[in-house]
Amino acid sequence: MKLAIKNVKIVEEFRKIEVEELKRIRNQLEKEKRESTGNRTFELFSLILLLRGDIRKRNNNQKTKPRYKGPFKIIELIDNNLYKVESEKGKKQIVHASRMVRFIKRAHLA
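Quick note, the sequence shown lines up with residues 1 to 110 if you use UniProt numbering.
This is the structure in C-alpha cells:
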C-alpha cells in the first residue's frame with residue numbers, strides 16, 4: 001500500500017516536470033514564430049524584383065525560366081505591406097511585400 005502511494009507521488013512529480021517542460025517548449029516555439037514572421041520593409045525609390053505569378057513550382061517545363069521579373073522602382077508606400085511600383089517602361093502596379101525581393105545590381109564583367 002505504501003509502495004503504491006509512493007509510486008503515485010513519483011508519477012505526479014514527473015507529470016509536474018513534464019507540464020513545465022511543455023510550457024517552456026511552447027514559449028520557445030512562439031518566440032521563434034514571432035521572430036521569423038517579421039514584416040519585410042522596403043525604402044521608397046529602392047529597386048526590387050517581383051515574383052512572377054505565372055511560374056508554378058511543380059511545372060517542369062518552366063524550370064529554366066526566371067522566377068523574378070524586374071527591376072521595379074518603389075514609388076509609393078501603402079498600408080498593410082502594399083507598395084506601388086513602376087517598371088522601367090513606366091507601367092505601375094500595386095504589389096504585396098511578400099512577392100518582392102531586393103534588387104542587387106550585378107558587377108560588370110570585363
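All C-beta atoms, glycine included, are put in the ideal place defined by N, C-alpha and C.
Across the set I75, K2, R52, the C-alpha of I75 shows the shortest separation from the C-alpha of K91. Going by C-alpha positions, G70 is about 8 Å away from E88. Secondary structure note for G70: its beta strand (DSSP E) is the uninterrupted segment 68 to 78. Distance from the CA of V19 to the CA of L29, rounded to the nearest whole angstrom, comes to 15 Å.
Under DSSP, I94 takes part in a beta bridge, and its partners are K84. Secondary-structure assignment with DSSP links V101 through a beta bridge to L49.
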